[in-house]
Each structure stands twice: as C-alpha cells, then as structure tokens.
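Peer 1: Before anything else, here's the structure in question.
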Amino acid sequence: MFINWKLREINLKIVYYGPSLSGKTTSLQYIHSRTNPERRGELISLKTREDRTLYFDYMQFQMGTINGLKPRFNIYTVPGQVYYRGTRKLVLKGVDGLVFVADSQIRRLQENVEAIRDLNQDLRDLGYVPSEVPLILQCNKRDLPDIMPVHSLKEYLGLNGIQTFESVALEGIGVLDGLKSIVSSVVTKARGNINQSPG
Ligand SMILES: Nc1nc2c(ncn2[C@@H]2O[C@H](COP(=O)(O)OP(=O)(O)O)[C@@H](O)[C@H]2O)c(=O)[nH]1
Ligand SMILES: [Mg+2]
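Numbering (the numbering used here), first residue to last: -7 to 191.
Right, dumping it as structure tokens:
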C-alpha cells in the first residue's frame, strides 16, 4: 500500500499467483475486458521469452473511495517458472492481496503444490507472514475432464479456511467474483491501516 497524500490516491497491489499455464493471464485479460475503459489503463504484458507462459502482465483500475482517498488497484500476474524467482519476488514486493490460481486438473496437482510452497517462501523472504496477507483461491479450468474436487485440492494446498471460487477463465466464469472478494479484503485492511496512520 502506498498513499500519495498530495493527490489523495492510495495504490494497492493485487497479484495473481500460480503455476504456469493455470490461467492467470487469461483471468487478467477477462478482467481487463470487463473494466470500464475510463477507469482503467492498458493491459501490459512484459515478454521475458518467446513463450507466452513467461510473460508477466499488469493493469490498473480505479474504483470507489477509501476514507476520502481514490484507490488505484494495480493488478499483476507472475511467471510460474522456477528460474523467474527474481521476477516473482519483484512483483510480490508490496503486495496487498493475492489470488492463487490453481489448475484443477489432477495431473497438475504437483505443480499447484509446488507453487503454493514457492509463494509461502517468496513471501517469507520478503518479510511477510504468509497467513497475514489476504488470499483467495481460484480453482480454474473447471470445464475440463479429470479435475480434482475442490475440497481435496484445498486440502493438498493447505488452504482449507480460504475463500474459494471455481472458475473457467476462458469464459470469464468465476473470475470477477474472485476479484471482488480480494478487492473487498484489501480495502477493509487498507481502511484499518489508514485509521492507524498519522496522515
Ligand atoms: N479449458 C480451459 N482452458 C483454460 C482456462 N483458462 C485458461 N485456459 C488455457 O490455458 C492456457 C494457459 O493460460 P494462461 O492464462 O496463459 O496461463 P498462465 O501461464 O497462468 O498465465 C491457455 O491456452 C488458455 O487458453 C479454462 O478455464 N479452461
Ligand atoms: Mg501468463
């Protein structure tokens, strides 16, 4: 969270995290397509290699007010691959809320488990207590055959108490519900922090 008191703006960061190919970019593309063009910036995809799985993406939108301040939500996706740990940490720095996008396919369980482990490690490395960062789970690709039941996926990920949304990002199903939920948690937390700050 970063407050510009002069402009009366509050910058909040939400990161879509998960294994590669789980549907993070597709989710962000859908969010971008459904956000009022007057209140959002371009969707920017930074290409780190020729493969689209190695992009990280960014967009910004404005919505509502928080204690008289205008919130700007900065939404990022991170590259899943191990060798992009540096990029991932850079993107995670200053994060206010997380959407973990899991690939629901049974054969992708291992990648999901590794990604949640990486996330917790990345957060600790950055000085966060992982359980204190607002997080929701988006179980994606619910349209495919051979997917895991949500409760068992949550169990494997150690995310039992976490609010969960089933999604088909390709069709936009469930994506905005997840976004609204994390925005709401992030805003609630920001209100608490602003009330405590001297500004
Ligand atoms: N069947 C299906 N495919 C999806 C869904 N969401 C994303 N995909 C596909 O999965 C692949 C990887 O998606 P992408 O958003 O690039 O994954 P990222 O690496 O997490 O950013 C692409 O071919 C998408 O079209 C979904 O809900 N269902
Ligand atoms: Mg991507």
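A virtual CB, placed ideally from N, CA and C, is assigned to each residue, including glycine.
Answer yes or no: do Leu118 and Leu84 have a C-beta to C-beta separation smaller than 7 Å?
Peer 2: Yes, these two residues count as a Cβ contact at 7 Å.
Peer 1: Using a threshold of 6 Å, is the CB atom of Thr156 nearer than that to any non-hydrogen atom of ligand 1?
Peer 2: No, Cβ of Thr156 sits at least 6 Å from all heavy atoms of ligand 1.
Peer 1: Short of 6 Å in beta carbon distance, which residues of its chain neighbour Ile139, apart from the five on each side in sequence? Order them along the chain.
Peer 2: These residues qualify, in order along the chain: Ser96, Gln97.
Peer 1: Between Leu149 and the rest of its own chain, which residues show a CB-CB distance below 8 Å, the 5 nearest in sequence each way excluded?
Peer 2: Excluding positions up to five away in sequence, the list reads Phe92, Ala94, Asn104, Val105, Ile108, Leu129.
Peer 1: Between Arg80 and the rest of its own chain, which residues show a CB-CB distance below 7 Å, the 5 nearest in sequence each way excluded?
Peer 2: Excluding residues within five positions, the ones whose Cβ falls inside 7 Å are Val70, Pro71, Asp114.
Peer 1: Using CA atoms only, rank isn't needed, just tell me which of Leu13, Ser14, Ile36 is closest to His24.
Peer 2: When only C-alpha atoms are compared, the closest one is Ile36.
Peer 1: For ligand 1, I want to know if Ala182 counts as a neighbour, meaning its beta carbon is within less than 6 Å of at least one of the ligand's heavy atoms.
Peer 2: No; taking the cut-off as 6 Å, the Cβ of Ala182 has no heavy atom of ligand 1 nearer than that.
Peer 1: Assuming the contact rule is C-beta atoms closer than 8 Å, Phe195 and Leu145 should be a hit. Round their C-beta distance to whole Å, please.
Peer 2: Outside the shown range of the chain, which is -7 to 191, sits residue 195, and nothing can be said about it.
Peer 1: What's the gap between the Cα of Tyr8 and the Cα of Ser19?
Peer 2: Cα to Cα, Tyr8 sits roughly 9 Å from Ser19.
Peer 1: Could you check what DSSP says for Glu34 in three-state terms: helix, strand or coil?
Peer 2: Glu34 falls in the coil class under three-state DSSP.
Peer 1: Mapping the DSSP letters down to three states, classify Arg64 as helix, strand or coil.
Peer 2: Of the three classes helix, strand and coil, the one that applies to Arg64 here is strand, per DSSP.
Peer 1: Where are the beta strand (DSSP E) runs, 3 residues long or more, that stay fully inside the region 99 to 141, in chain order?
Peer 2: The qualifying runs are 127 to 132.
Peer 1: Apart from the five residues just before and just after Arg32, which ones in its own chain have a Cβ nearer than 8 Å to its Cβ?
Peer 2: Here the set comprises His24, Met51, Gln52, Phe53, Gln54.
Peer 1: For Glu1, write down the residues that DSSP places opposite it in a beta bridge.
Peer 2: The partner list for Glu1 (beta bridge, DSSP) reads Asn(-4), Lys62.
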